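Chemist: Note that full-length UniProt numbering has the sequence shown beginning at 1, numbered continuously upward. From the three backbone atoms N, C-alpha and C, an ideal C-beta is built for every residue, glycine too. Source: prediction; values computed, not measured.
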Amino acid sequence: MGYQKKAEFLPEVAPLLDSLAVKLTNYLNEQGITQPLLIGIHTGGVWVAEALRQKMQVSWPLGTLDIAFYRDDFSKTGLNPSVKPSNLPFTTENQHLVLIDDVLMSGRTIRAAMNEIFDYGRPASITLVTLLSLSGRELPIQADCYGLQLDLPATKRIKLSGPDPLEFNLVIRPADLEEPV
Numbered sequence: 001m002g003y004q005k006k007a008e009f010l011p012e013v014a015p016l017l018d019s020l021a022v023k024l025t026n027y028l029n030e031q032g033i034t035q036p037l038l039i040g041i042h043t044g045g046v047w048v049a050e051a052l053r054q055k056m057q058v059s060w061p062l063g064t065l066d067i068a069f070y071r072d073d074f075s076k077t078g079l080n081p082s083v084k085p086s087n088l089p090f091t092t093e094n095q096h097l098v099l100i101d102d103v104l105m106s107g108r109t110i111r112a113a114m115n116e117i118f119d120y121g122r123p124a125s126i127t128l129v130t131l132l133s134l135s136g137r138e139l140p141i142q143a144d145c146y147g148l149q150l151d152l153p154a155t156k157r158i159k160l161s162g163p164d165p166l167e168f169n170l171v172i173r174p175a176d177l178e179e180p181v
């Protein structure tokens with residue numbers, strides 16, 4: 001287990017959300033996407049998705065994913081007791097989706113989320129949006145829009161807490177407990 005502490009060097013969430021809202025608006029305009037469907041990954045991605053909807057002043061539909069059953073480490077770690085059902089109140093078939101998470105690191109969470117999305121149908125496109133993009137990628141998955149990119153040592157992670165206020169916390173893991181996120 002790691003422990004969490006506040007760190008002075010961690011970025012503030014509010015300015016990153018402002019920047020991310022502008023980047024996402026520009027990206028969607030460039031792609032000609034006017035009515036995307038938003039999907040937040042439980043829990044931090046849902047918080048970020050809700051904050052982006054407010055900042056962008058849009059009412060695009062929002063679904064939520066809990067990818068616990070789709071994780072590739074499910075057999076090792078077991079079921080987390082806080083698993084919540086996914087809720088996609090719309091069809092994903094031939095739709096433009098914006099998949100939102102708080103932190104992208106290894107890429108395994110995003111892979112699991114895309115596997116679950118494709119179980120609901122084949123979307124026209126998936127735009128990946130994350131508040132932070134960290135070093136440590138294990139899969140070839142990159143965000144289309146992100147608030148900030150950071151390089152961290154292997155023993156450090158950043159976790160978003162919230163929903164009110166949204167703030168980052170530093171998680172320090174002993175080197176012998178290192179596992180991908």
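1) Can you list the alpha helix (DSSP H) stretches of 4 or more residues lying completely in the UniProt domain "Phosphoribosyltransferase" (26 to 149), in chain order?
2) Under three-state DSSP, which class holds Leu24?
3) Roughly how many angstroms separate the alpha carbons of Leu170 and Pro153, rounded to a whole number?
4) Between Pro165 and Trp47, is the Cβ-Cβ spacing less than 7 Å?
5) From what residue to what residue does the beta strand (DSSP E) around Leu160 run?
6) Under 7 Å between the Cβ atoms of Gly147 and Leu134?
7) Rounding to the nearest angstrom, what Cα-Cα distance links Asp119 and Phe69 in this structure?
8) Where do the N-terminal and C-terminal ends of the beta strand (DSSP E) with Phe168 fall, by residue?
9) Helix, strand or coil: how does DSSP classify Lys6 here?
10) Please return the same chain residues whose Cβ sits closer than 6 Å to the Cβ of Leu88, not counting the five positions on each side in sequence.
11) If we call anything under 7 Å between Cβ atoms a contact, is Ala51 one with Leu17?
12) What is the rounded straight-line gap between the Cα of Ser59 and the Cα of Arg53?
13) Does the beta-carbon of Leu99 have 16 or more other beta-carbons within 10 angstroms, so that it is buried, or is it exposed?
14) Can you tell me whether Asp18 is helix, strand or coil according to DSSP?
Modeler: Taking the geometry as given:
1) 44 to 56, 74 to 77, 108 to 120
2) helix
3) 12 Å
4) no
5) 156 to 161
6) no
7) 12 Å
8) 167 to 172
9) Caution applies to Lys6, whose pLDDT of 43 falls short of 50 and renders its modelled position unreliable; the value that the coordinates give is listed next. Three-state result, Lys6: coil.
10) Gly63, Tyr120
11) yes
12) 7 Å
13) buried
14) helix
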